[in-house]
Amino acid sequence: MSRASGNTGTAGVPRIHCPSCRKPGDWSAESPFRPFCSERCRLIDLGAWASERYAIPVETPPDQDEF
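Plus 34 on top of the position in the sequence shown (first one is 1) and you've got our numbering.
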């Protein structure tokens, strides 16, 4: 698998952007909050899920007739 130029940091560690603030960072074991850049960004994202700003769309099944 090849990576696009500019997507790897030092020693071939993939570079990512924080999903909350878009700050660039490394995807490595030394990044305890990955994919986020900090605990603050991680908690902001968790709060968005808890307040239902984010949701997984669900299809409701059609009503089934009783037999």
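Quick reminder that beta carbons are idealized off the backbone N, C-alpha and C, glycines included.
field: Identity of the residues DSSP links to ILE50 by a beta bridge
entry: By one-based count along the sequence shown, residue 50 stands at place 16. Bridge partners of ILE50: GLY59.
query: Helix, strand or coil: how does DSSP classify CYS75 here?
result: Stepping through the sequence shown from its first residue, residue 75 is reached at position 41. Helix at CYS75.
Coil, strand or helix - ALA89 by DSSP: As a first step, residue 89 must be located in the sequence shown, where it is residue number 55. Note: ALA89 maps to coil in three-state DSSP.
message: At the level of alpha carbons, what is the spacing between SER54 and ARG76?
response: One-based indexing of the sequence shown puts residue 54 at position 20. One-based indexing of the sequence shown puts residue 76 at position 42. Each residue's Cα considered, the two are about 8 angstroms apart.
task: Starting from the Cα of ARG56, find the closest Cα among PRO48, SER65 and PRO69 and give me that residue.
output: Numbered from 1 along the sequence shown, position 22 holds the residue referred to as residue 56. Ranking the options by Cα distance to ARG56, first place goes to PRO69.
query: Expressed to the nearest angstrom, what Euclidean distance is found between the alpha-carbon atoms of ARG74 and PRO96?
result: In the sequence shown, residue 74 corresponds to position 40, counting from 1. In the sequence shown, residue 96 corresponds to position 62, counting from 1. Each residue's alpha carbon lies about 41 angstroms from the other.
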